[in-house]
Amino acid sequence: IDQSLIRNFSIIAHIDHGKSTLADRLIEICGGLESREMKSQVLDSMDIEREKGITIKAQTVRLKYSSKNGKEYIFNLIDTPGHVDFGYEVSRSLAACEGALLVIDATQGIEAQTLTNVYKAIENNLQIITIFNKIDLPSADITRVKKQVEDIIGLPTDNTINISAKTGEGIIEVLEYIIKYLPPPIGDINSPLKALLVDSWYDKYLGVVVIIRVIDGNISPGMKIQMMATSANYTIENVGIFTPKKKSVAALYPGEIGYITCNIRQVSDCKIGDTITSVVNSCLFPLPGFKPSKPVVFCGLYPTDAGNFIHLKDSLEKLSLNDSSFTYESESSSALGFGFRCGFLGLLHLEIIQERLEQEFDLDLVTTAPSVIYKIKLRSGNIIEIHNPSDLPDQVKIESMEEPWIKATIFVPEEYIGDVLSLCTEKRGEQIDLSFIDSRVMVVYALPLNEIVYDFYDKLKSCSKGYASFDWEEYDYRKSELVNMTILINGESVDALSIIVHKSHAEKKGRAICLRLKNLIPRHMFVIPIQAAIGGKIIARETINAMRKNVLAKCYGGDVTRKRKLLEKQKAGKKRMRSIGKVDIPQNAFIAVLKTG
Ligand code: GTP
Numbered sequence: 005i006d007q008s009l010i011r012n013f014s015i016i017a018h019i020d021h022g023k024s025t026l027a028d029r030l031i032e033i034c035g036g037l038e039s040r041e042m043k044s045q046v047l048d049s050m051d052i053e054r055e056k057g058i059t060i061k062a063q064t065v066r067l068k069y070s071s072k073n074g075k076e077y078i079f080n081l082i083d084t085p086g087h088v089d090f091g092y093e094v095s096r097s098l099a100a101c102e103g104a105l106l107v108i109d110a111t112q113g114i115e116a117q118t119l120t121n122v123y124k125a126i127e128n129n130l131q132i133i134t135i136f137n138k139i140d141l142p143s144a145d146i147t148r149v150k151k152q153v154e155d156i157i158g159l160p161t162d163n164t165i166n167i168s169a170k171t172g173e174g175i176i177e178v179l180e181y182i183i184k185y186l187p188p189p190i191g192d193i194n195s196p197l198k199a200l201l202v203d204s205w206y207d208k209y210l211g212v213v214v215i216i217r218v219i220d221g222n223i224s225p226g227m228k229i230q231m232m233a234t235s236a237n238y239t240i241e242n243v244g245i246f247t248p249k250k251k252s253v254a255a256l257y258p259g260e261i262g263y264i265t266c267n268i269r270q271v272s273d274c275k276i277g278d279t280i281t282s283v284v285n286s287c288l289f290p291l292p293g294f295k296p297s298k299p300v301v302f303c304g305l306y307p308t309d310a311g312n313f314i315h316l317k318d319s320l321e322k323l324s325l326n327d328s329s330f331t332y333e334s335e336s337s338s339a340l341g342f343g344f345r346c347g348f349l350g351l352l353h354l355e356i357i358q359e360r361l362e363q364e365f366d367l368d369l370v371t372t373a374p375s376v377i378y379k380i381k382l383r384s385g386n387i388i389e390i391h392n393p394s395d396l397p398d399q400v401k402i403e404s405m406e407e408p409w410i411k412a413t414i415f416v417p418e419e420y421i422g423d424v425l426s427l428c429t430e431k432r433g434e435q436i437d438l439s440f441i442d443s444r445v446m447v448v449y450a451l452p453l454n455e456i457v458y459d460f461y462d463k464l465k466s467c468s469k470g471y472a473s474f475d476w477e478e479y480d481y482r483k484s485e486l487v488n489m490t491i492l493i494n495g496e497s498v499d500a501l502s503i504i505v506h507k508s509h510a511e512k513k514g515r516a517i518c519l520r521l522k523n524l525i526p527r528h529m530f531v532i533p534i535q536a537a538i539g540g541k542i543i544a545r546e547t548i549n550a551m552r553k554n555v556l557a558k559c560y561g562g563d564v565t566r567k568r569k570l571l572e573k574q575k576a577g578k579k580r581m582r583s584i585g586k587v588d589i590p591q592n593a594f595i596a597v598l599k600t601g
């Protein structure tokens, strides 16, 4: 294949600006599918993605386009994950491209993810074509959005395109621009194999399918390859492309993007961003910039019904086949029994996994409060990392603690900026930058991740009437005064309710949690104290008064079956409770801690 006829690109956009719709149009025009096969948004293959309207797994398609210049081109379109939690995977997908189509909704303008994604494209030295979408809508304002692109991003706007991905207007121009403005790949077919691992997932029939971008050399069935980061060796079984239908090919050459299968059993062996080379004639250096994506938010997942533990275990195993970015290990809690400690790329990732477990695997789950990874320097000189409050060493052994901070970019209409700034301050944030753009404000804040994992998204949305957009990236670790707050119910400490909080927030948070629990735990026949404590010191307390509840009182002593029915009903009601000490705690009480900001 003549490399000058290849173009590799991604579409980058803020959520809902039209990335998937544009991808569908491109696939439609380039004849990848018959129109009857064109389900809406073919790239979003999982139901749950369609439901959430976000793209989780990166996928890629090869398209053929006959240009007005008479030549036929091959376009490889690499889909990038659409949500803030998948920032690193976006970066790695972009590393497989020479260019990017930056899609901006002309009725909305630049949002937080537009900016972070465009910076990732620039970091990867990509050529960018700016596309203004949704021009069929009367509220589209090209002049205003163009000015934003110049002022905020600093990109020239002399070669932008106005389109409607919905009606198809301007799409041919997009295809011609791709040829004209995006550079073709330049790889050396005579060098040893060097390929970038772009993505991987588990297929029931094929095992692990790996998407690669060949930089140099070529790859074909029978070849022995090595993943450079993990040093794992495999023999290639099958090589092919997606059109978007799967199609085997004899080999993939420099600049080409396609898939390989080689009897890999686990997606966790395929690190996104890793370099693949051949065993016999290997390249000297891997591609730069590889770091395995790792979970930053952790929480416990427990089956509501303790009898479902094995089912939960099997379901997690199945899910992790397709998503190597979440981790799980078994743990037990005296309050919740047997469950798993799971790690996620962010809060939304957590929600997606939880939802998939509940919907696809029909599980009912209790989630404990999410935590981040703390670095703890012990007096002994050792440094340990923990993400479970119960692993926190005794306070006297601790020299100092550090917590992770993130850099958050927020776009918000001017009228809500006051509320957004107070929210960030309340969350211990430090302002890095603030600039006014039209009638909107872009604020960049350093914030402790620990404060974000509770209710930051929700609060940001509600204090801006849904108008604020938000993106984040990891920033640094900073020394912090953190304490382990335990909750005691009827004098007994409930492990699943412990959280690590900043000292300055402990009392307020402790009071809020106690009050919430007071409203969630039903009255019992005795008085129940609910307390928040740090070390041995009680910092907040609420009391649930006693109540005598006799369900049989109504039965006038007579009818035995009716009595039994009532007792059974009460028992079933209790099943959804967890008994701790003598107190029945409803499942939703465990989530209460999560929602207390
Ligand atoms: P994520 O998958 O969530 O990242 O969103 P996306 O950027 O892929 O956006 P998507 O293509 O799903 O489009 C979002 C919404 O905008 C959908 O309801 C589309 O139908 C609509 N939309 C996309 N392009 C156009 C357009 O040109 N005109 C109009 N009127 N609506 C559009």
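Just so we're aligned, residue 5 is where the sequence shown starts under the UniProt record's numbering, counting upward by one. By construction, the Cβ of each residue, glycine as well, lies at the ideal position given by its N, Cα and C atoms.
Excluding five sequence positions before and after Ile-215, the CB atoms of its chain that fall closer than 6 angstroms to its own CB belong to Thr-64, Val-202, Asp-203 and Tyr-263, given in chain order. The DSSP-derived three-state label of Phe-90 is helix. Of the candidates Arg-527, Val-447, Ala-593 and Cys-346, Val-447 places its Cα closest to the Cα of Glu-115. Fully enclosed beta strand (DSSP E) runs of no fewer than 3 residues occupy 198-207, 211-220 and 228-231 of the region 176-232, in order along the chain.
The C-beta distance from Asp-278 to Thr-234 rounds to 7 angstroms, short enough to meet the 8 angstroms contact threshold.
For Ala-450, the CB contacts under 7 angstroms within the same chain, skipping 5 residues up- and downstream, are Trp-409, Lys-411, Gly-433, Glu-434, Ile-436 and Tyr-479 in chain order. For Lys-68, the enclosing beta strand (DSSP E) stretches over residues 64-70. When distances are taken from the beta-carbon of Thr-25 to the heavy atoms of ligand 1, the shortest one is below 6 angstroms.
Bounds of the alpha helix (DSSP H) holding Cys-428 are 421-430. For Lys-541, the secondary structure class from DSSP, reduced to helix, strand or coil, is strand. By the beta-carbon neighbour count (other beta carbons within 10 angstroms, threshold 16), Phe-530 is exposed. Ala-412 carries a strand assignment under DSSP once its states are collapsed to helix, strand and coil. At the C-beta level, Asn-166 and Ile-182 stay beyond 7 angstroms of one another. Counting only residues of its own chain and dropping the five nearest sequence neighbours on each side, Ala-510 has a CB closer than 7 angstroms to the CB of Val-487, Met-489, Ile-538 and Ile-543. Beta-bridge partners of Glu-477 (DSSP): Lys-411. Short note on Asn-137: C-beta closer than 6 angstroms to some heavy atom of ligand 1.
Beta-bridge pairing by DSSP links Lys-275 to no other residue. The residues Val-301, Cys-303, Phe-348 and Pro-374, in chain order, have a CB closer than 7 angstroms to that of Leu-354 in the same chain once the five nearest residues on each side in sequence are set aside. Considering only Leu-352, Arg-360, Leu-320 and Asp-368, the residue with the shortest C-alpha distance to Cys-346 is Leu-320.
Of the heavy atoms belonging to ligand 1, none sits nearer than 6 angstroms to the Cβ of Gly-113. Here Ser-473 is buried: its Cβ has 16 or more other Cβ atoms, across all protein chains shown, within 10 Å. Inter-residue distance for Ile-504 and Lys-513 is about 11 angstroms (C-alpha atoms, whole angstroms). When secondary structure is reduced to three states using DSSP, Lys-381 falls in the strand class. When the five nearest sequence neighbours on each side are left out, the beta carbons in the same chain lying within less than 8 angstroms of the beta carbon of Cys-274 are those of Leu-201, Ser-204, Val-212, Val-214, Met-231, Ile-268 and Ser-328, in order along the chain.
The Cβ atoms of Pro-196 and Gly-221 sit closer than 7 angstroms to each other. Annotation for Gly-259: Gln-7, Ile-10, Pro-189 and Gly-191 place their beta carbon closer than 6 angstroms to its own, counting only its chain and skipping 5 residues before and after. Between the region 66-74 and the region 153-160 there are fewer than three C-beta pairs closer than 8 angstroms, too few to call the two in contact.
Around Ser-272, the same chain offers Ser-328 as residues with beta carbons nearer than 6 angstroms, after the five sequence neighbours per side are excluded. The residue from Gln-358, Gln-363 and Ile-380 with its alpha-carbon nearest to that of Val-370 is Gln-358. Inter-residue distance for Arg-527 and Ile-456 is about 33 angstroms (C-alpha atoms, whole angstroms). For Ser-319, the enclosing alpha helix (DSSP H) covers residues 313-326.
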